[in-house]
Every structure is written in C-alpha cells, then in structure tokens.
Amino acid sequence: MFLTAIASSASHILGRMALAVASEKILTRLVILGLKKLAKQTTNTVDDELVGMVATELSNHNLPEAEKV
12 MFLTAIASSA SHILGRMALA VASEKILTRL VILGLKKLAK QTTNTVDDEL
62 VGMVATELSN HNLPEAEKV
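Quick note: the sequence shown uses my numbering, first residue 12, plus one each step.
Listed below in structure tokens is the structure:
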C-alpha cells in the first residue's frame with residue numbers, strides 16, 4: 012500500500028512535468044510563428060532580423076523549439 016502511494020505520487024509529478032514541457036514547446040512555437048506571420052505583413056515594423064533575434068534568445072534559454080519553427 013505504501014509503495015502504491017509512492018508510485019501514484021511519482022506518476023502525478025511526472026505527468027505535471029510532461030504537461031509543463033509540452034505547453035512550453037507549444038507556446039514557443041506559437042510565439043515564433045506569430046512573429047513570422049507579423050513580419051510578412053507590410054503594415055508593421057517587425058522584420059525577419061527581429062524574429063531571428065527572438066528565436067536565438069529563446070534557444071539560448073534552453074528552448075530549442077524556437078529554432079525548429
């Protein structure tokens with residue numbers, strides 16, 4: 012019974028971590044895709060260089076998903 016409680020707690024913690032990682036990856040991709048879309052529009056001042064700089068900064072903070080988009 013004690014081992015079952017420990018196993019349940021461990022799986023709960025791992026599930027939370029997996030959810031955090033997945034949501035971080037999704038949000039990173041959405042930010043980069045949104046910036047790229049914004050950069051393609053002609054009515055703004057965001058350019059491809061800024062999008063590249065943001066992707067590089069996100070990658071430097073252990074978010075490799077930024078470079079994959």
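Ideal placement from N, C-alpha and C gives every residue a C-beta, glycine not left out.
All figures in this text were calculated on a predicted structure; none of them were measured in a lab.
Beta-carbon gap between residue i and residue j smaller than 9 Å
| i | j | result |
| --- | --- | --- |
| residue 57 | residue 46 | yes |
| residue 42 | residue 69 | yes |
Residue i - containing alpha helix (DSSP H), residue span
| i | result |
| --- | --- |
| residue 59 | 59-71 |
Classification of residue i by the beta-carbon crowding that lies within 10 angstroms, buried from 16 upward
| i | result |
| --- | --- |
| residue 39 | buried |
| residue 62 | buried |
| residue 66 | buried |
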